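Okay, so here's the structure we're looking at.
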């Protein structure tokens, strides 16, 4: 893979059974070079999320891949994860930057708002994520204006992540403009997730 191509940032499903999911995850990590893994397991069961954090950390760290968790920074710290992915833009970036220090990863999902992304980057986010990039019926159906990625790549040094309803065509179009593609449900809904991930990753070339 050429060094200047966007990297793959793999996102878990919001719901999974750990023992069944780990082999699928390992197949994906062994099929495609992945820069970061995000634990996106939903719910409020601290024990279940912590168990998933431990299992995924072992798989990721065995391959020298950092792992972050959505929202739950305290679980990240308690279970040896590498950082937190915040779902509310810039609001908590300062707090978690202080908690994790300069070595931890603090990412910020900023929906479709360039303004929110700028705020997050200015106060210490390691990366800013925008989405959904592709057409989606979730939420209000809004998508990221492609001009946001073009402008960001020219003007801002903070790495930018494109995510949400990605397709091979979108990956091809955005490859010159983004630093990472966050890929999750696009592949987990397929029977062979690793093969689906390889197809999307290949579209970067």
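Residue numbers (the UniProt record's numbering): 1 to 205. Glycine is no exception: its CB is placed at the ideal position from the N, C-alpha and C atoms. All figures in this text were calculated on a predicted structure; none of them were measured in a lab.
Straight-line CA distance for residue i to residue j?
| i | j | result |
| --- | --- | --- |
| residue 68 | residue 79 | 11 Å |
| residue 115 | residue 173 | 23 Å |
| residue 145 | residue 158 | 18 Å |
| residue 2 | residue 98 | Bear in mind that the predicted position of residue 2 carries a pLDDT of just 49, short of 50, making it unreliable; the figure below should be weighed with that in mind. Those two C-alpha atoms are separated by around 34 Å. |
| residue 22 | residue 63 | 14 Å |
| residue 76 | residue 104 | 10 Å |
| residue 118 | residue 175 | 21 Å |
| residue 30 | residue 13 | 18 Å |
Measure the Cβ-Cβ separation of residue i and residue j and say whether it is below 8 Å.
| i | j | result |
| --- | --- | --- |
| residue 124 | residue 93 | yes |
| residue 60 | residue 37 | yes |
| residue 138 | residue 166 | no |
| residue 18 | residue 51 | yes |
| residue 131 | residue 108 | no |
| residue 162 | residue 133 | yes |
| residue 182 | residue 11 | yes |
Where does residue i sit, in a helix, a strand or coil, going by DSSP?
| i | result |
| --- | --- |
| residue 136 | coil |
| residue 38 | strand |
| residue 10 | strand |
| residue 55 | helix |
| residue 2 | Interpretation of residue 2 is limited by its pLDDT of 49, a score under 50 that renders its predicted location unreliable; the figure taken from the coordinates is listed afterwards. Coil. |
| residue 32 | coil |
Out of the options, which one is the CA nearest neighbour of residue i?
| i | options | result |
| --- | --- | --- |
| residue 83 | 55, 90, 195 and 102 | 102 |
| residue 70 | 58, 49 and 62 | 49 |
| residue 129 | 9, 5 and 4 | 9 |
| residue 148 | 35, 119, 178 and 135 | 178 |
| residue 46 | 72, 106 and 91 | 72 |
| residue 263 | 34, 76, 85 and 136 | Residue 263 lies beyond the stretch modelled for the chain, which goes from 1 to 205, so this question has no answer here. |
Among all the DSSP beta bridges, which residues are the ones paired with residue i?
| i | result |
| --- | --- |
| residue 127 | 107 |
| residue 163 | 182 |
| residue 70 | 85 |
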